[in-house]
Amino acid sequence: MDSRKDNLLKIIVEEYIRSANPVGSQLVCEKYLPEVSPATIRNEMAELEENGLVSQPHVSAGRIPTLAGYKYYLEKFVGEGKIVSKHKQILDDLSQGMNSDRESLKNLAKALAEISEEAVLVGFSPLDVYYTGISNLFRQPEFLHHQSVFSMSEIIDHLDEVMAEVFSQVTEKAKIFLGEENPFGNMSSVVLAKCRLGNGEGLIGIMGPNRMNYEENLGLLKYSQEIFNNLS
């Protein structure tokens, strides 16, 4: 795609992540591209839709990213992730004086869930999984409907089985899984990485809806991975 369509997709993805509302041409013009007419934006949105990168929930709505759109956005714009300085400071303060005992690791996971406003998974071993922040997940508008909550609850009930399947496949390089690639189901996305947990090897992940802030969550996970690795 040309750079303007790339930029338009970036705007749609990031605005949708922020607001959870379909993104219309008028909003794009007023907030991001005042030099471009709404008609031009609508035409380019239609082209993005033809390419399968955005969709229109109904005729009068704006556009939302598709899974293909999120994947393109990840490849093009996310890079290595980033961490906000105040979040880094919170994790730094919490890690002072901590060791690698189980309770300390749980406390770090709870702080990570609070900062990210997502769910956090810690695999102490393939069949020993701790999770926190599930209420953050169900608070998202994607899970307002009973069926979506039920489907996600079933996945959570079997987290240890899923973790056992993916434990050996995840490496120390943080990776984002979304859609059909996500072992925890296509209703959510997860950032996963291996880390050291005491004398053993563990796994840490941040799980949220497909509409998650990938750049910040990737940065948070990688920084938390460093903290986990350095605990004695």
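Position one of the sequence shown corresponds to residue 1269 (our numbering), numbered consecutively onward.
Note that CB positions come from ideal geometry on N, CA and C, so glycine has one too.
Query: CB contact flag (R1464, N1497, <8 angstroms); Result: yes
Query: Within 8 angstroms, strictly: CB atoms of I1285 and V1296; Result: no
Query: Given L1499 as reference, the closest of Q1324, S1372 and A1377 once Cα atoms are compared; Result: S1372
Query: Complete alpha helix (DSSP H) runs within the region 1353–1440 (minimum length 4 residues, chain order); Result: 1353–1363, 1370–1384, 1402–1406, 1414–1425 and 1427–1434
Query: Beta-carbon proximity of L1335 to L1446, cut-off 8 angstroms; Result: yes
Query: Start-to-end residues for the beta strand (DSSP E) that takes in V1281; Result: It is not in any beta strand (DSSP E) - V1281 instead sits in the alpha helix (DSSP H) that spans S1271 to S1287.
Query: Given 8 angstroms, three or more beta-carbon pairs between the region 1412–1422 and the region 1376–1386; Result: no
Query: For G1470, the first and last residue of its enclosing alpha helix (DSSP H); Result: No alpha helix (DSSP H) holds G1470; the beta strand (DSSP E) holding it covers G1468 to P1477.
Query: Limits of the unbroken beta strand (DSSP E) element including F1445; Result: K1443 to L1446
Query: Touching by the beta-carbon criterion (3+ pairs, under 8 angstroms), the region 1288–1307 and the region 1321–1333; Result: yes
Query: Stretch pair the region 1337–1345 + the region 1354–1370: three plus CB contacts closer than 8 angstroms; Result: no
Query: 8 angstroms contact criterion, which G1476 and E1386 should meet: CB distance rounded; Result: 4 angstroms
Query: Neighbour-count burial assignment, S1456, 16 or more Cβ in a 10 Å radius; Result: buried
Query: Buried or exposed (CB count within 10 angstroms, at least 16 for buried), E1483; Result: buried
Query: Paired residues, beta bridge with V1458 - DSSP; Result: F1445 and M1475
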